[in-house]
Structure formats: C-alpha cells, structure tokens
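Following: one structure in structure tokens, then a few remarks.
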Amino acid sequence: MSAKPSNVVKLEDRRFWKEVNERLALNALIMESAAHDKRLTKIDLVALITLLNNRQFSNIIRSLPGRWPEKSIQRLVNCGYLIDCGIVPNHAVPELAPYLHAFELSDREANREWWME
Numbered sequence: 006m007s008a009k010p011s012n013v014v015k016l017e018d019r020r021f022w023k024e025v026n027e028r029l030a031l032n033a034l035i036m037e038s039a040a041h042d043k044r045l046t047k048i049d050l051v052a053l054i055t056l057l058n059n060r061q062f063s064n065i066i067r068s069l070p071g072r073w074p075e076k077s078i079q080r081l082v083n084c085g086y087l088i089d090c091g092i093v094p095n096h097a098v099p100e101l102a103p104y105l106h107a108f109e110l111s112d113r114e115a116n117r118e119w120w121m122e
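Number 104 in this note's numbering belongs to position 99 of the sequence shown; there are no gaps in the numbering.
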C-alpha cells in the first residue's frame, strides 16, 4: 500500500506565495490608478505594466536602455509612478547587455493600499 501525498503546505512555500500574491495585488492597484490617470498614454500604460511585471522582490526594476520611448519613461517618472535610478551594470548576463536602466517604485506606489483608493 502506498502512502498518500500530503496536502500540507510547507511554511516556506506559503510565505513565498503570500509575497507573490501581495506583489500581484500591488501591481493591480497601481495599474488601476494609472488606467484612470489622464496624463498617461496607452504606450505609457504598456510600459508601466511590463516594468511592473519585471519587478523583482526587492522592488528594483531593470530594463534594457531604449526598450521604451524616453517620453513614456519621463512621463511615468514625472507623474510619480517610478523613480529613475539611472544606468547600472548588468551582473547577470553582461555579454548580452552590459548595462541596464534601473527604476524603483515611488514611495506613493510602493505603499499603495486598497483601502486608500
């Protein structure tokens, strides 16, 4: 007789998925706000959601320089969605792209909560 697999979730798995869920919820809140922001264009919104999806758990966002129109990036920075951290070295795969453009979420966006909407 074989033992049934356990349906108990390991604590470290539970913590990981809790962090993922919080991150996705924050992305949704940010995009909901950005979708109603009349200052942003559709291209700006596409850039923002792509950058948010590439956000690491440390809240650092890295993108290839020139990947998005400079006007869109400046608009996202000026409207308070992102903080431009400039060009940083690519330590992961330097042979593909020696440098990356780094961003962080602004304090307003990083601390956005659903009950504040």
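Even for Gly, the Cβ is constructed at its ideal location relative to N, Cα and C.
Predicted model only: the values in this text are computed from it and were never measured.
Note the first and the last residue of the continuous beta strand (DSSP E) segment covering A107.
-> Within the sequence shown, the letter at position 102 stands for residue 107. 104 to 110 is the span of the beta strand (DSSP E), which, as asked, contains A107.
As assigned by DSSP and simplified to three states, the class of L50 = Stepping through the sequence shown from its first residue, residue 50 is reached at position 45. Helix, per DSSP.
Just checking my contact of E109 with I88 at CB under 8 Å: how many whole Å lie between their CB atoms?
-> Taking the sequence shown and counting its residues from 1, the one referred to as residue 109 is at position 104. Taking the sequence shown and counting its residues from 1, the one referred to as residue 88 is at position 83. Correct: roughly 5 Å between the Cβ atoms.
Rounded to a whole number of angstroms, what is the C-alpha to C-alpha distance between F21 and H96?
-> In the sequence shown, residue 21 corresponds to position 16, counting from 1. In the sequence shown, residue 96 corresponds to position 91, counting from 1. Roughly 25 Å between the two C-alpha positions.
Look at R44 and R80 and say whether their C-beta atoms are less than 8 Å apart.
-> Counted from its first residue, the sequence shown places residue 44 at position 39. Counted from its first residue, the sequence shown places residue 80 at position 75. Contact flag set, yes.
Going along the chain, which residues of its own chain have a beta-carbon closer than 8 Å to the beta-carbon of I92, five neighbours each way excluded?
-> Indexing the sequence shown from 1 puts residue 92 at position 87. Correct list, in chain order: P70, Y104, L105, H106, A107.
Would you mind working out which of T55, S111, P94 sits nearest V82, comparing C-alpha positions?
-> Residue mapping note: residue 82 aligns to position 77 of the sequence shown, counting from 1. The candidate whose alpha carbon is nearest that of V82 is S111.
In whole angstroms, what separates the C-alpha of V25 from that of K15?
-> What you label residue 25 is simply residue 20 of the sequence shown in a count that begins at 1. What you label residue 15 is simply residue 10 of the sequence shown in a count that begins at 1. Distance between the alpha carbons of V25 and K15 is about 16 Å.
Would you list, in sequence order, the uninterrupted alpha helix (DSSP H) runs of no fewer than 4 residues that lie entirely inside the segment 48 to 101?
-> 75 to 83
Residue of V98, A102, C84, L101 minimising C-alpha distance to A40 = Along the sequence shown, one-based indexing puts residue 40 at 35. Nearest of V98, A102, C84, L101 to A40, Cα basis: C84.
Simplified DSSP state of N26, which is helix, strand or coil | Here residue 26 is taken as the residue at index 21 of the sequence shown, counted from 1. N26 falls in the helix class under three-state DSSP.
Check L34 in the structure and name its three-state DSSP category.
-> As a working mapping, residue 34 is identified with position 29 in the sequence shown. Reduced to three states, the DSSP call for L34 is helix.
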